[in-house]
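A quick write-up on the structure given underneath.
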Amino acid sequence: MPEKILHSQLPAPFIFSQSSLQDYVDCNRRFQLRYIEHLQWPAVETAPVLENERRQIEGQQFHRMLHQYFLGLPIDKINAMAKNSNSQNLARWWDHFQTERFANQIVGTFHDERTTFPEQTLSAPLGGQRITAKYDLIAIKDGRATIYDWKTYHKRPRDEWMAIRLQTRVYLSLLIAAGAHLNGGQPFAPENVEMVYWYAEFPSEPSRFPYDKQHHDQDWAGLSNLLREISAKQSFPLTEDEKKCGFCPFRSYCERGIRAEAGEESETGADSDWELNLEQIQEIEF
Ligand code: SF4
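Written as structure tokens, this is what we have:
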């Protein structure tokens, strides 16, 4: 069968997100297939995929529950949702969230007078394009902002792994570039911004990433260069790191295998690649 000629021109307008950038960095071809060709995610083929899909749906439900919680829905109503879901995972995650340690000491909820912005979308011009991010929660008090992101991974990723994810760099730097309206019209100082990944399976082991001006300047300039590079790109080669293909839904399309990897832990923390990949697909669907 002759190889299909793929397009290389970005659709216009194109708005970058942490997911599309992560795809590009992981594999140029994956970015092309998803965002330029809009290739449909191939049909489910194996049992591990079904299991991961179920967990992805539960993850979406959990995000909705927390959104409603921060919008002020009475807690007994959310308790009932967790109970009626018939999902042990959801009930356990919600139980973890409600623990004294997390709800009152880490998030603080409404009790410590922080202002909370659930499901907040920010965007800004960058590198001749636009970049956007949807935050699970931004909590603000006295000019200090904490970004919270809920993760339902079954294994806790390493902090080093999360630190270099595009999500961490995009969310922190974009809040400074585009979040002044959340801070009385003043941009947040980088030192007053922090990102916290809260793992529903590991409630007392969040990953915390403080920020500073040096990292912000590096991140913003680096992201700008990345957007310019992608916009000028003429070809999108397949990754040379074939380990990435084992967790990629396009692996049969690229003739890089049919079956999903089992998800064994690796040096890079790639045991979470599969869930991260599903997470990225989820963001595209919204
Ligand atoms: S299967 Fe491999 S080469 Fe193909 S898009 Fe996925 S990661 Fe890239």
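Under the working numbering, the letters of the sequence shown match residues 568 to 853, in that order. Note that the Cβ used here is the ideal one computed from N, Cα and C, for glycine as well.
Excluding the 5 residues flanking it on each side, Trp717 has same chain C-beta neighbours closer than 7 Å at Phe629, His630, Leu633, Asp703, Trp765, Ala767, in chain order. For Ser690, the enclosing beta strand (DSSP E) starts and ends at 682–693.
Put simply, of Ser791, Ile731, Leu689 the residue whose alpha carbon is nearest the alpha carbon of Ile743 is Leu689.
Per the Cβ contact rule, the stretch 748–766 is not in contact with the stretch 790–807 (fewer than 3 Cβ pairs under 8 Å). Contact between Leu741 and Ile698 holds: CB atoms are separated by about 6 Å, below the 8 Å threshold. A straight-line Cα-Cα distance of about 33 Å links Arg601 and Leu638. If you draw a 10 Å sphere on the C-beta of Arg596, you find 16 or more other C-beta atoms in it, and that means buried. For Glu758, DSSP records no beta bridge to any residue. In this model, Leu739 and Gln696 are separated by some 18 Å (Cα to Cα). Under DSSP, Ala747 forms no beta bridge with any residue. Restricting attention to alpha helix (DSSP H) runs no shorter than 4 residues, the stretch 761–819 encloses them at 780–798, ordered along the chain. Per DSSP, the unbroken alpha helix (DSSP H) holding Ile645 starts and ends at 642–651. Its chain contains His574 as the residues whose beta carbon lies nearer than 6 Å to that of Ile603, once the 5 sequence neighbours on both sides are disregarded; these appear in chain order.
DSSP, reduced to helix, strand and coil, places Thr666 outside both helices and strands of the structure shown, so it counts as coil. Bridge pairing for Phe583: Ile698 [DSSP].
Counting only residues of its own chain and dropping the five nearest sequence neighbours on each side, Arg818 has a CB closer than 6 Å to the CB of Cys812, Gly824. For Asp662 and Val592, the gap between their C-alpha atoms comes out near 36 Å.
In terms of Cα proximity to Tyr820, the closest of Ser587, Ile731, Leu606 is Leu606.
In terms of Cβ geometry, Gln589 and Leu794 do not form a close pair [threshold 7 Å]. Assigned with DSSP and collapsed to three states, Asp593 falls in helix.
Proximity annotation: the ligand SF4 has residues Cys594, Arg596, Arg597, Leu805, Thr806, Lys811, Cys812, Cys815, Phe817, Arg818, Cys821, Arg823 in chain order, each selected because its CB is closer than 5 Å to a heavy atom of the ligand.
Of the other Cβ atoms in all chains shown, 16 or more fall within 10 Å of the Cβ of Thr719; this residue is therefore buried. Trp728 has its alpha-carbon roughly 37 Å from the corresponding atom of Asp643. A direct Cα-Cα distance of roughly 21 Å separates Ser584 from Phe755.
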